[in-house]
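Let me begin by presenting the structure, written as structure tokens, before commenting on it.
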């Protein structure tokens with residue numbers, strides 16, 4: 005199933021939580037915190053007031069309680085407005 009965002013919505017896919025700490029301790033699945041970094045899967049066309057600046061493949065940071073979560077084919081996605089994206093991650 006494909007999802008196509010409307011207006012200035014962005015479809016994000018969450019990156020996997022880190023399984024070990026920097027010191028090498030393996031984390032139990034219940035203690036893994038969901039990361040705030042997501043990958044842009046799809047972008048809406050924008051509106052007359054909002055020009056879309058993110059593109060599919062970008063990695064972005066969003067707020068912890070931002071957007072609407074949806075699960076499709078056992079994959080977790082999040083819909084957010086472009087204004088809810090705090091930053092684009094660059095290497």
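Numbering (the numbering used here), first residue to last: 5 to 95.
Cβ atoms here follow ideal geometry from the backbone N, Cα and C, with glycine treated the same way.
The secondary-structure analysis by DSSP pairs residue 91 across a beta bridge with 65. Taking the Cα of residue 8 as reference, the smallest distance to any Cα among 81, 65, 28, 62 is reached at 81.
Between residue 71 and residue 95 a beta carbon distance of about 24 Å is seen, past the 8 Å cut, so the two are scored as non-contacting. Separation of residue 91 and residue 64 (C-alpha to C-alpha, rounded to the nearest whole angstrom) is 6 Å. When the beta-carbon positions are compared, residue 84 and residue 61 stay at least 8 Å from each other.
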